[in-house]
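**Student:**
Protein chains in written order, with the numbering used here: chain A, 957 to 1070; chain B, 335 to 449.
Below is the structure:
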């Protein structure tokens, strides 16, 4: 069965600093990986996704993530964060054999301080 | 175009009462999902509808929870005899297809408080 672990529940950073939000998954079959963002008082929206091909995936708002199959990781990065990036970030995985059912991590709260 | 909508946005109910939560998916999306998001926790899968196939109910926490999807569009999640532990944000999502590579589009959620 698939599972997702987001290693940090809270990540505080200063504005313009780089950030990495860590995500590890467990699965025995091919997977698709997603990062969603939930801004305060808003619904979740897709940030980026890995389906196949290049392991470095670029998303909206300057975020990118790298799929590492050997380490079963899909860490999210941004070289320079803004105050507006303050939000909760969810990593999700769906298996090739499991229709559309995705498993979500517990989320990482990113707080960007001035 | 319109996104996923949910109603009500907030619901306060007394323990033991029944509640109905509604979800309107994006037009043309064949897959619909319900999740529960408790405070400080991730999304807990509840139920998944794909076209005319039998729904995947494997995430429903008890027989007090049920959901239906009429005409392949609107969905209603019903919680009978609500308990305080049912308090959470209930999220609905839809996707173009039920395949695992398709992203999900989420509604704003219904915040349920059981007193």
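For glycine and all other residues, C-beta sits at the position ideal for the given N, C-alpha and C.
I'd like the list of long-range same chain contacts for residue 982 of chain A, defined as Cβ closer than 6 Å, with 5 residues on each side in sequence excluded.
**Tutor:** Closer than 6 Å at the Cβ level, and outside the excluded window around residue 982 of chain A, lie 959.
**Student:** Which same chain residues, not among the five before or five after residue 970 of chain A, have their C-beta less than 6 Å away from its C-beta?
**Tutor:** Correct list, in chain order: 1069.
**Student:** What residue range does the beta strand (DSSP E) around residue 358 of chain B cover?
**Tutor:** Run containing residue 358 of chain B: 353-358, per the beta strand (DSSP E) assignment.
**Student:** So who's on the other strand from residue 344 of chain B, going by DSSP bridges?
**Tutor:** B:445.
**Student:** What is the rounded straight-line gap between the Cα of residue 347 of chain B and the Cα of residue 355 of chain B?
**Tutor:** Distance between the alpha carbons of residue 347 of chain B and residue 355 of chain B: 12 Å.
**Student:** Just to confirm the assignment, what range does the beta strand (DSSP E) spanning residue 1064 of chain A have?
**Tutor:** Taken as a continuous stretch (DSSP letters only), the beta strand (DSSP E) holding residue 1064 of chain A covers 1064-1069.
**Student:** Examine chain A for any beta-carbon lying closer than 8 Å to the beta-carbon of residue 419 of chain B, and answer yes or no.
**Tutor:** Not one chain A Cβ lies under 8 Å of residue 419 of chain B.
**Student:** For residue 301 of chain B, go through chain A and note every residue whose CB falls closer than 7 Å to its CB, in chain order.
**Tutor:** Any property of residue 301 of chain B remains undetermined from this structure, which presents chain B solely from 335 to 449.
**Student:** Looking at the secondary structure, which residues open and close the beta strand (DSSP E) in which residue 384 of chain B lies?
**Tutor:** First-last of the beta strand (DSSP E) with residue 384 of chain B: 377-384.
**Student:** If you draw a straight line from the alpha carbon of residue 1049 of chain A to that of residue 980 of chain A, how long is it in whole angstroms?
**Tutor:** Spanning the two alpha carbons is a distance of roughly 10 Å.
**Student:** Can you pull the chain C neighbours of residue 442 of chain B, defined as C-beta to C-beta under 8 Å?
**Tutor:** Absent here is chain C; the protein component of the structure consists of chains A and B.
**Student:** Answer with yes or no whether the minimum CB distance from residue 379 of chain B to chain A is below 8 Å.
**Tutor:** Cβ-Cβ to chain A under 8 Å: yes for residue 379 of chain B.
**Student:** Counting only beta-carbon atoms, is residue 1052 of chain A nearer than 8 Å to chain B?
**Tutor:** For residue 1052 of chain A, the answer is yes, since a Cβ of chain B falls inside 8 Å of its Cβ.
**Student:** Is it the case that the Cβ atoms of residue 345 of chain B and residue 446 of chain B are separated by a distance below 8 Å?
**Tutor:** Taking 8 Å as the Cβ cut-off, residue 345 of chain B and residue 446 of chain B qualify as a contacting pair.
**Student:** With DSSP as the reference, please indicate the residues paired to residue 968 of chain A in a beta bridge.
**Tutor:** Bridge partners of residue 968 of chain A: A:1067.
**Student:** Would you mind telling me which residues of chain B sit closer than 7 Å to residue 990 of chain A, beta carbon to beta carbon, in chain order?
**Tutor:** Within chain B, the residues near residue 990 of chain A are 437.
**Student:** Can you look up residue 1017 of chain A in the DSSP assignment and give me helix, strand or coil?
**Tutor:** In the structure shown, residue 1017 of chain A sits in a helix (DSSP, three-state: H, G or I).
**Student:** I'd like to confirm the pairing. Which residues does DSSP put opposite residue 400 of chain B in its beta bridges?
**Tutor:** Bridge partners of residue 400 of chain B: B:412.
**Student:** Sort out for me which residues DSSP pairs residue 1046 of chain A with in a bridge.
**Tutor:** Residue 1046 of chain A is bridged to A:992.
**Student:** Quick one: grab the DSSP three-state call for residue 962 of chain A.
**Tutor:** Strand at residue 962 of chain A.
**Student:** Quick check on the burial criterion: 16 or more other C-beta atoms within 10 angstroms. Buried or exposed for residue 1051 of chain A?
**Tutor:** Result: buried.
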